[in-house]
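Line order of the protein sequences matches chains E and H.
Quick note: the first sequence uses this note's numbering, first residue 460, plus one each step.
Quick note: the second sequence uses this note's numbering, first residue 2, plus one each step.
Here a beta-carbon is modelled for each residue, glycine too, at the ideal position from N, C-alpha and C.
In what follows, a structure is listed as structure tokens, so that the remarks can point back to it.
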Amino acid sequence: MKPARFDYARPATLAEALALLAKPDTAVLAGGQSLMPMMNLRVARPARLVDINRLPLGEIALGNGVLRIGALARHAAVLASPLVAQAAPLLPQALAQVAHAAIRNRGTLGGSLSLADPAAELPACMLALDATLVAASAARGERRIAASAFFHGLYSTALEPDELLLRAELPAAAPGWRYAFLELARRHGDFAMAGLALALGPGAARLALCGVEAGQRRQPAAEAALAAGDLPAAIAALGTAEAMDSPDLPAAQRVHLAQVLLRRAFQQIGAAHAAA
Amino acid sequence: MLPPDEPTAEIACTVNGEAIHTQVPLRRSLVDWLRHDVGLTGSHVGCEHGVCGACHVRVDGQVVRGCLMLAVQADGATVETIEGARDPLTLALQDAFFHHAALQCGFCTPGMILQAAELLAQHPAPTRAEVREALSGNYCRCTGYQPIVDAVMAVSAILPAK
Chain E
460 MKPARFDYAR PATLAEALAL LAKPDTAVLA GGQSLMPMMN LRVARPARLV DINRLPLGEI
520 ALGNGVLRIG ALARHAAVLA SPLVAQAAPL LPQALAQVAH AAIRNRGTLG GSLSLADPAA
580 ELPACMLALD ATLVAASAAR GERRIAASAF FHGLYSTALE PDELLLRAEL PAAAPGWRYA
640 FLELARRHGD FAMAGLALAL GPGAARLALC GVEAGQRRQP AAEAALAAGD LPAAIAALGT
700 AEAMDSPDLP AAQRVHLAQV LLRRAFQQIG AAHAAA
Chain H
2 MLPPDEPTAE IACTVNGEAI HTQVPLRRSL VDWLRHDVGL TGSHVGCEHG VCGACHVRVD
62 GQVVRGCLML AVQADGATVE TIEGARDPLT LALQDAFFHH AALQCGFCTP GMILQAAELL
122 AQHPAPTRAE VREALSGNYC RCTGYQPIVD AVMAVSAILP AK
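As structure tokens, this is what we get:
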């Protein structure tokens, strides 16, 4: 199980990296924790790799009420960051469920978001946290994409082939908001059978699932019910989710698990919220 | 093996304290390079897609999957394999694995020990559940894991609390 041949470039500057990405059949190598398995299995056979690990894109910074996490920030660094714990407490809850320690040492935020695996935890978090994703290309410069417009379905995003994700910008947690990330997997670190990212504020809610639908998105009907404090209606609303179907996990079971998670998440943070 | 016209790149790195300056095939994984070219066969190759943890090595002090990093990416890095890991935690774990019979065939053991050492360096007093979580990315097909957790807990018990 070895990858097919590829060309390899390790640019030292963003400009160089973007110029290389303008070539066809080019893949970005960040943490490599999904790309390398896909290449070893020859599911992916890019003609060239642009290794961005030398670019200064790993910074985590908080200023003016916005948390900025660079695309190259490793899961382990985000998980351990006091700034993230303070400004985006949903993320450590989610990252503790992401794969295993050695994979979290290499895997990156940008890689997970750019791949858009249906089972991945971080896309759901970006949706629930109302993140803005900043990408750049050599031809068109930088652009800002709302998380709600970024994920287009199974392994599909708003990124053009010549674009590189630079960072995620998250509004810092506001007073009165509470956050829960819950997931069910067969073993810790396995792909989610169902996962749920919930942000609950005064008269407002943002909810996204992972491991359930092929494309990750906000769940507006359930959000509206949660904003009104109506948990049964929110659980019923998730019943319309278009869940993935597989022999080991039928669609109806994924939906059921998502509904169980919503009840648990609401019990965890909703009750405290109502009492506050 | 790889054909004679295989594209290569030049790297310079440190492996177990020894400076190495060489050409590596672009598509050779770090663990394959360590085993086939450097001759360090302590890191094992199991699944080759990041699931089993047998290939764990330290790169710049962090445990990583050796099958999911390219050798060319080790340029400028400090690499440590089980052969070169002589820190007190690793030595104590090797001893504890022996005394608790935490291995049978030994295929997973180097990866287990490096991962357990990283855990104890960060959390000297984990619970059994935390040990299991930390080792959840390392497969063992012999022991049933119980003696492995015993061995890690035994080393934890003799560590000063952080």
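Using the beta-carbon of each residue, which ones in chain H are nearer than 9 Å to residue 534 of chain E?
Position 75 of the first sequence, counted from the start, is the residue given in the question as residue 534 of chain E. Going along chain H, no residue has its Cβ under 9 Å from residue 534 of chain E, so there is no contact; the nearest lies around 12 Å.
Using Cβ-Cβ distances below 8 Å, what residues of the region 534-561 of chain E are close to chain H?
Hits within the stretch, in order: 535, 558, 559, 560 and 561.
Do residue 600 of chain E and residue 490 of chain E have their beta-carbon atoms positioned less than 9 Å apart in this structure?
Along the first sequence, read from residue 1 onward, the residue named residue 490 of chain E stands at position 31. Along the first sequence, read from residue 1 onward, the residue named residue 600 of chain E stands at position 141. No, the Cβ-Cβ distance between residue 490 of chain E and residue 600 of chain E is not below 9 Å.
Provide the residue(s) that pair with residue 667 of chain E in DSSP beta bridges, ordered along the chain.
Indexing the first sequence from 1 puts residue 667 of chain E at position 208. Paired residues: E/656 and E/677.
Contacting residues, own chain, Cβ-Cβ under 7 Å from residue 482 of chain E (five flanking each side not counted):
The sequence position of residue 482 of chain E within the first sequence is 23, counting from 1. If we look at residue 482 of chain E and ignore the five residues flanking it on each side, its Cβ neighbours are 507.
Any heavy atom of the ligand GTP closer than 8 Å to the beta-carbon of residue 728 of chain E?
Questions concerning the ligand GTP fall outside what the structure shown contains, since it holds no ligand whatsoever.
Could you name the residues of the region 491-513 of chain E whose beta carbon sits closer than 8 Å to any beta carbon of chain H, in the order they occur along the chain?
Shown in chain order are the members of the region 491-513 of chain E whose Cβ falls below 8 Å from a Cβ of chain H: 491, 492, 495, 496, 499, 500, 510 and 512.
Would you say residue 517 of chain E faces chain H, with C-beta separation under 9 Å as the test?
Here the question's residue 517 of chain E lines up with position 58 in the first sequence. It does not; no Cβ of chain H falls within 9 Å.
Could you tell me the boundaries of the beta strand (DSSP E) in which residue 14 of chain H lies?
By one-based count along the second sequence, residue 14 of chain H stands at place 13. For residue 14 of chain H, the enclosing beta strand (DSSP E) stretches over residues 9-16.
Determine, using beta carbons only, whether residue 44 of chain H comes closer than 9 Å to chain E.
By 1-based counting over the second sequence, the position of residue 44 of chain H is 43. Not closer than 9 Å to any Cβ of chain E, the Cβ of residue 44 of chain H fails to qualify, so no.
Just how far apart, CA to CA, sit residue 126 of chain H and residue 88 of chain H?
The sequence position of residue 126 of chain H within the second sequence is 125, counting from 1. The sequence position of residue 88 of chain H within the second sequence is 87, counting from 1. Looking at the two C-alpha atoms, the distance is approximately 18 Å.
Using the beta-carbon count (16 or more within 10 Å), is residue 16 of chain H buried or exposed?
As a first step, residue 16 of chain H must be located in the second sequence, where it is residue number 15. Under the 10 Å beta carbon count, residue 16 of chain H is surrounded by 16 or more other beta carbons and is classified as buried.
So, helix, strand or coil for residue 496 of chain E, using DSSP?
As a first step, residue 496 of chain E must be located in the first sequence, where it is residue number 37. Helix.
What are the boundary residues of the beta strand (DSSP E) that residue 81 of chain H is part of?
Walking along the second sequence from the start, residue 81 of chain H turns up at place 80. Unbroken beta strand (DSSP E) run through residue 81 of chain H: 79-81.
Cβ of residue 466 of chain E less than 9 Å from any chain H Cβ?
For the purposes of this step, residue 466 of chain E is taken as residue 7 along the first sequence, with counting starting at 1. It does: the Cβ of residue 466 of chain E has a partner Cβ on chain H nearer than 9 Å.
Residue 590 of chain E vs residue 605 of chain E beta-carbon contact at 9 Å:
Numbered from its first residue, the first sequence carries residue 590 of chain E at position 131. Numbered from its first residue, the first sequence carries residue 605 of chain E at position 146. Yes, they are a contact pair.
Does residue 595 of chain E have its Cβ less than 9 Å from a Cβ in chain H?
Locating residue 595 of chain E in the first sequence gives position 136, counting from the first residue. So, not an interface residue.
Under 8 Å, with one C-beta from each stretch per pair, do the region 139-155 of chain H and the region 111-125 of chain H reach the 3-pair mark?
Contact between the region 139-155 of chain H and the region 111-125 of chain H is present, because at least three Cβ pairs lie under 8 Å.
Cβ shell of residue 617 of chain E (< 7 Å), same chain only, five flanking positions each side left out
Within the first sequence, numbered from 1, the residue matching residue 617 of chain E stands at position 158. Closer than 7 Å at Cβ, skipping near neighbours: 604, 608, 609 and 611.
Can you give the Cα-Cα distance for residue 81 of chain H and residue 702 of chain E, rounded to whole angstroms?
By one-based count along the second sequence, residue 81 of chain H stands at place 80. By one-based count along the first sequence, residue 702 of chain E stands at place 243. Approximately 44 Å between the Cα atoms of the pair.
In whole angstroms, what separates the C-alpha of residue 18 of chain H from that of residue 51 of chain H?
Walking along the second sequence from the start, residue 18 of chain H turns up at place 17. Walking along the second sequence from the start, residue 51 of chain H turns up at place 50. Rounded to whole angstroms, residue 18 of chain H to residue 51 of chain H spans 26 Å at the Cα level.
In this structure, how does DSSP classify residue 39 of chain H when only helix, strand and coil are distinguished?
Within the second sequence, residue 39 of chain H is the residue found at index 38, counting from 1. Residue 39 of chain H: helix per DSSP, three-state reduction.
By the criterion of Cβ-Cβ separation under 7 Å, what are the contact partners of residue 74 of chain H in chain E?
Numbered from its first residue, the second sequence carries residue 74 of chain H at position 73. Result: 510 and 512.
Nearest residue (CA-CA) to residue 152 of chain H, options H/7, H/55 and H/100:
The count along the second sequence starts at 1 and reaches residue 152 of chain H at position 151. Here the closest residue by C-alpha is H/100.
Per DSSP, which one or two residues make a beta bridge with residue 58 of chain H?
Counted from its first residue, the second sequence places residue 58 of chain H at position 57. Beta-bridge pairing links residue 58 of chain H to H/65.
Report, in whole angstroms, the separation of the C-beta atoms of residue 1 of chain H and residue 64 of chain H, which I expect to be a contact under 8 Å.
The shown model of chain H, from 2 to 163, leaves out residue 1 of chain H, and the question about it has no answer.
Enumerate in chain order the residues of its own chain whose CB-to-CB distance from residue 735 of chain E is below 6 Å, with the five nearest sequence positions on each side excluded.
As a working mapping, residue 735 of chain E is identified with position 276 in the first sequence. Because residue 735 of chain E sits at a pLDDT of 47, beneath the cut-off of 50, its placement in the model cannot be relied upon, and the following sentence gives the value as read from the coordinates. Contacts found: none.
Expressed to the nearest angstrom, what Euclidean distance is found between the alpha-carbon atoms of residue 761 of chain E and residue 510 of chain E?
The structure shown does not extend to residue 761 of chain E, since chain E is modelled only from 460 to 735, so the question has no answer here.
Any chance you could list the beta strand (DSSP E) runs of at least 3 consecutive residues sitting entirely within the region 77-135 of chain H, in chain order?
Runs of the beta strand (DSSP E) inside the region 77-135 of chain H: 79-81.
Exposed unless 16 or more other CB atoms sit within 10 angstroms - verdict on residue 640 of chain E
As a working note, residue 640 of chain E is residue 181 in the first sequence. Buried is the call here.
Option in H/20, H/29 and H/21 with minimal Cα separation from residue 9 of chain H:
Numbered from its first residue, the second sequence carries residue 9 of chain H at position 8. The shortest C-alpha to C-alpha distance from residue 9 of chain H to any of H/20, H/29 and H/21 is the one to H/29.
Among the residues of its own chain, which have a CB less than 7 Å from the CB of residue 3 of chain H, if the five just before and after it don't count?
Along the second sequence, one-based indexing puts residue 3 of chain H at 2. Annotation for residue 3 of chain H: 26 place their beta carbon closer than 7 Å to its own, counting only its chain and skipping 5 residues before and after.
Straight-line CA distance for residue 484 of chain E to residue 461 of chain E?
The residue given as residue 484 of chain E occupies position 25 in the first sequence. The residue given as residue 461 of chain E occupies position 2 in the first sequence. So the two alpha carbons sit approximately 19 Å from each other.
Between the alpha carbons of residue 657 of chain E and residue 635 of chain E, how many angstroms are there, rounded?
Counting from one through the first sequence, the residue named residue 657 of chain E turns up at place 198. Counting from one through the first sequence, the residue named residue 635 of chain E turns up at place 176. Just so you know, the alpha carbons of residue 657 of chain E and residue 635 of chain E end up roughly 14 Å apart.
So residue 713 of chain E packs on residue 671 of chain E, CB below 8 Å; how close in whole Å?
Taking the first sequence and counting its residues from 1, one reaches residue 713 of chain E at position 254. Taking the first sequence and counting its residues from 1, one reaches residue 671 of chain E at position 212. Taking C-beta atoms under 8 Å as the contact rule, residue 713 of chain E and residue 671 of chain E qualify, at a distance of about 5 Å.
CB residue 529 of chain E to CB residue 515 of chain E, shorter than 9 Å?
In the first sequence, residue 529 of chain E corresponds to position 70, counting from 1. In the first sequence, residue 515 of chain E corresponds to position 56, counting from 1. Yes, the pair counts as a contact, with Cβ atoms nearer than the cut-off.
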